[in-house]
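Single-structure report; data block below.
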Amino acid sequence: MEEATLQGISPVFVGWHDCGQVLHTHRSQSYGRRVVRHYEIEYIVFSHSGYILTDGLPLQTIPHTVFVRRPGMEAEGVGVYRSVFVEFDPDEAARRLAVLDGLPPVILQTEEPTFGEDFFQSLALPPRPEPWQLLAWKSRMLWLLAGLLRQAAAGGGHSPGDDAPVRQALAYIHRHYRESVTLEQLAAAAGYSSGYFCKLFKKVTGLSPLQYVVRCRLEQAKKRMLTTRDPLETIMPEVGFHNYGYFWRMFKAVYGLSPQAFRQQ
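Last residue of the sequence shown: number 265 in full-length UniProt numbering, and the count goes up by one each step with no gaps.
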């Protein structure tokens, strides 16, 4: 049955959007809360401070991350970041497909992403596309969907019921990120064993629990760097970092700039 459904996918273009045409200047600015009407796939081009509330889950806008949204989800982008996304239906009937609904809401890519900004730019269509442009667009969309399904199969999808324990763990992280946070503490907050919780958390967020802790601390450090003149030596321990070399490496790995270069731009 699933194979027959996949054979019937023929993506229909609905829209293409560049969220960074008017860039925000403050981390608290919102792109507005909305209910998603069609399927959407979004690529994060860059981020200075931002996250996307996806059905209430605060998912950070890490560069090269891909967000997947299905009809009926609530979404709100907050902060300073730029993204582009394509809006589509899986076929002319605009059916809901379980295989697409099962994709995780966020998919992390490697430092050399399979689907980068140029690829997502190619998913834009003119107001009156030629037949060959429509065919080329469909082929690119099918390649994108196949790639995302492959990554989801490798890491596993998630069901809506998975969100509640992850939300509990996220709340714990945001209360205690300044302190030492262990996997065991997070698993206990969610009410699961460490092994099962680890798999569940990654299904929902695309990150391991401790990776998310690091991203949360980095985001807090970045906010302090943007809004204060406090030296890094003061900021680091107040957001949970106690090793400058580790902080420097993680910051550059996530944001593409050293902390000093980020502050000077």
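For every residue, glycine included, the Cβ atom is placed at its ideal position computed from N, Cα and C.
Unbroken alpha helix (DSSP H) run spanning residue i, endpoints
i	result
G245	244 to 255
Y196	194 to 205
I173	163 to 176
P126	Taken as a continuous stretch (DSSP letters only), P126 belongs to no alpha helix (DSSP H), as it is neither H nor E.
V99	98 to 101
P237	232 to 238
L23	No alpha helix (DSSP H) contains L23, which DSSP labels as neither H nor E.
Residue i, buried or exposed, once every other Cβ within 10 Å from all chains shown has been counted against 16
i	result
Q265	exposed
H64	buried
R263	exposed
Y39	buried
G77	buried
T182	exposed
H24	buried
W132	exposed
A190	buried
R249	exposed
Y244	exposed
Y43	buried
N- and C-terminal bounds of the beta strand (DSSP E) containing residue i
i	result
E87	74 to 89
F119	Premise fails: F119 lies in the alpha helix (DSSP H), 117 to 121, not in any beta strand (DSSP E).
T54	39 to 54
R33	30 to 35
Residues of its chain near residue i, where Cβ-Cβ distance is below 7 Å and the 5 sequence neighbours each way are ignored
i	result
R178	E238, V239, G240
D18	V84
V213	I173, Y177, V181
Residue from the options with nearest C-alpha to residue i
i	options	result
A170	S10, Q211, L148	Reading off the sequence shown, one finds Leu at residue 170, where the question assumed Ala. Closest option to L170, Cα to Cα, is Q211.
S83	Y246, Q151, Q60, P231	Q60
E184	D163, S208, A164	S208
L149	H242, R33, F67, H26	F67
E92	I52, I9, L232	I9
R95	E74, P11, G15, R34	P11
V166	Y51, G20, Y192	Y192
Nonlocal neighbours in the same chain, by C-beta distance under 8 Å from residue i, ignoring five residues either side
i	result
L134	F13, L125
H158	With a pLDDT of 48 at H158, under the threshold of 50, the predicted position of this residue should be treated as unreliable, though the coordinate-derived value follows. These residues qualify, in order along the chain: G102, P104, L200, K203, V204.
T54	F67, R69, M73, E74, A75, P105, V106
Beta-carbon contacts of residue i that lie in its chain and below 6 Å, excluding the five residues immediately before and after
i	result
Q7	none
K222	S49
F46	P63, R82
Segment contact flag, the stretch 254 to 262 with the stretch 216 to 231, C-beta cutoff 8 Å, min 3 pairs:
yes
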